[in-house]
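UniProt numbering puts the first residue of the sequence shown at 1, with every later residue one more than the last.
Glycine included, C-beta positions come from ideal geometry on N, C-alpha and C.
No experiment lies behind these values; they were computed from the predicted model shown.
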Amino acid sequence: MKMCDVLQANVLLEKFPPTWSEYRNHLKHKKKDLNLQELISHMRTEEANRLKDKEISNPHISFKANLVESSTSSKNRFQHKGKKQFQKNGQQKTFKANDGKIQKNKLTCYCCGKPGHKAYQCFQRKDQKNPPSQLTPQANLTEQEEIIAAVVVEANLVENKTDWILDTGASKHFCSNKELFQELHEAPDGECVFMGNSTTAGVLGKGKIFLKLTSGKTLALNDVLYVPSLRRNLVSGSLLNKAGLKIVLEADKVIITKNGDFVGKGYVGWAVCAQHYFCFF
Numbered sequence: 001m002k003m004c005d006v007l008q009a010n011v012l013l014e015k016f017p018p019t020w021s022e023y024r025n026h027l028k029h030k031k032k033d034l035n036l037q038e039l040i041s042h043m044r045t046e047e048a049n050r051l052k053d054k055e056i057s058n059p060h061i062s063f064k065a066n067l068v069e070s071s072t073s074s075k076n077r078f079q080h081k082g083k084k085q086f087q088k089n090g091q092q093k094t095f096k097a098n099d100g101k102i103q104k105n106k107l108t109c110y111c112c113g114k115p116g117h118k119a120y121q122c123f124q125r126k127d128q129k130n131p132p133s134q135l136t137p138q139a140n141l142t143e144q145e146e147i148i149a150a151v152v153v154e155a156n157l158v159e160n161k162t163d164w165i166l167d168t169g170a171s172k173h174f175c176s177n178k179e180l181f182q183e184l185h186e187a188p189d190g191e192c193v194f195m196g197n198s199t200t201a202g203v204l205g206k207g208k209i210f211l212k213l214t215s216g217k218t219l220a221l222n223d224v225l226y227v228p229s230l231r232r233n234l235v236s237g238s239l240l241n242k243a244g245l246k247i248v249l250e251a252d253k254v255i256i257t258k259n260g261d262f263v264g265k266g267y268v269g270w271a272v273c274a275q276h277y278f279c280f281f
């Protein structure tokens with residue numbers, strides 16, 4: 001069922017986050033009903049004004065996409081701020097500098113139920129061959145358990161497992177077509193992703209895909225998760241930013257560049273909420 005532009009705009013308007021409630025009320029009291037394109041244009045203008053106000057109030061903040069720090073170092077920096085740590089008898093203790101309370105980190109393995117280590121360090125796992133002292137976490141794993149999220153696009157989309165969508169809300173690259181992988185390795189049992197509709201989907205593998213863009217250039221996507229139940233293939237916009245690619249959304253198009261050189265482009269599809277844009281290659 002296809003909705004008219006005005007109805008789509010009203011649905012999108014109700015999806016605004018709480019920080020946009022005042023602006024949402026302002027748009028609701030307009031005499032003229034906005035269509036979808038007009039609403040998106042208003043959103044972009046408002047978002048640009050808010051970013052400009054933040055730059056004026058705090059000139060030290062940089063919003064350049066190609067200067068994003070790695071997620072692991074950023075998390076660790078904020079986790080250890082205001083805390084002092086020391087090692088004693090192989091156990092890590094944490095002191096908070098503010099309230100003077102002492103807290104001891106407690107980790108419990110959900111494989112064996114014993115404290116002191118995580119599941120990937122457990123020697124009782126079936127796929128574990130080395131003792132815990134020799135285990136080294138993979139380079140793409142953070143110290144805390146990582147939540148992998150994918151965003152459901154439109155519920156009534158016709159399935160197409162060859163198209164790719166640039167999604168600013170996805171935390172990883174996702175592909176549902178096994179034939180598109182250049183390299184594919186089997187994923188651990190039980191690995192899953194969290195969908196935007198509060199469901200989960202199983203991950204069957206991880207590998208590399210070479211995405212051929214309309215510009216004739218090829219974009220190499222690493223650590224792509226193979227999720228057969230997805231209806232569309234998703235490219236994570238945040239991961240492209242971390243790789244040094246700049247993404248610009250304007251005039252219903254997405255332009256991707258790196259160091260000023262053109263890489264590729266796509267067109268903007270329908271956004272299901274105010275903070276996520278979907279662009280089709």
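Rounded to whole angstroms, the gap between the alpha carbons of Lys28 and Cys4 is 18 angstroms. The criterion of a C-beta distance shorter than 8 angstroms is satisfied by Ile165 and Val235. Distance from the CA atom of Ile56 to the CA atom of Pro188, rounded to whole angstroms, is 47 angstroms. In the structure shown, Asn10 falls within a helical segment according to DSSP collapsed to helix, strand and coil. Runs of the beta strand (DSSP E) lying entirely within the segment 218-273, each at least 3 residues long, are 218-226, 233-236, 246-250, 253-258, 261-268 in chain order.
Comparing alpha carbon positions, the residue from Tyr267, Gly205, Leu230 closest to Val248 is Tyr267.
Distances from the alpha-carbon of Glu38 to those of Leu225, Gln8, Gly169 put Gln8 closest. The way I'd put it, the segment 238-248 doesn't touch the segment 200-211; fewer than three beta-carbon pairs between them come closer than 8 angstroms.
Counting along the chain, the unbroken alpha helix (DSSP H) around His26 starts and ends at 21-28. Rounded to the nearest angstrom, the gap between the Cα atoms of Thr257 and Thr218 is 13 angstroms.
The C-alpha of Lys52 is placed about 43 angstroms away from the C-alpha of Lys178. Classified as exposed, Cys112 has fewer than 16 neighbouring CB atoms from the shown chains inside 10 Å of its CB.
Around the beta carbon of Ser229, fewer than 16 other beta carbons lie within 10 angstroms, which makes this residue exposed. Residue state for Lys172 is assigned as coil, using DSSP reduced to three classes. In terms of Cβ geometry, Lys212 and Glu183 do not form a close pair [threshold 8 angstroms]. DSSP, read as helix, strand or coil, puts Thr200 in strand.
Distance check between Leu180 and each of Glu191, Leu225, Arg50, Asn241 places Leu225 closest, using alpha-carbon atoms only. In this structure, the straight-line span from the alpha carbon of Val11 to that of Pro17 is close to 13 angstroms. Residue state for Leu34 is assigned as coil, using DSSP reduced to three classes. Bounds of the beta strand (DSSP E) holding Phe210 are 205-212. The beta carbon of Glu46 lies closer than 7 angstroms to those of Tyr23 in the same chain, with the five residues before and after it left out. Distances from the CA of Asp252 to each of Leu13, Phe194, Arg44, Ala220 were compared; the closest alpha carbon is that of Arg44. With distances taken between CA atoms, Gly264 lies nearest to Gly216 out of Gly216, Asn49, Leu239. Judged by beta-carbon spacing, Thr168 lies within the 8 angstroms limit of Gly237, meaning their Cβ atoms are closer than that value.
Taking Arg232 as reference, the option from His26, Ile40, Glu14, Phe174 with the minimal CA-CA separation is Phe174. In its chain, beyond the 5 residues on either side, Gln182, Thr218, Ala220 have a beta carbon closer than 7 angstroms to the beta carbon of Phe210.
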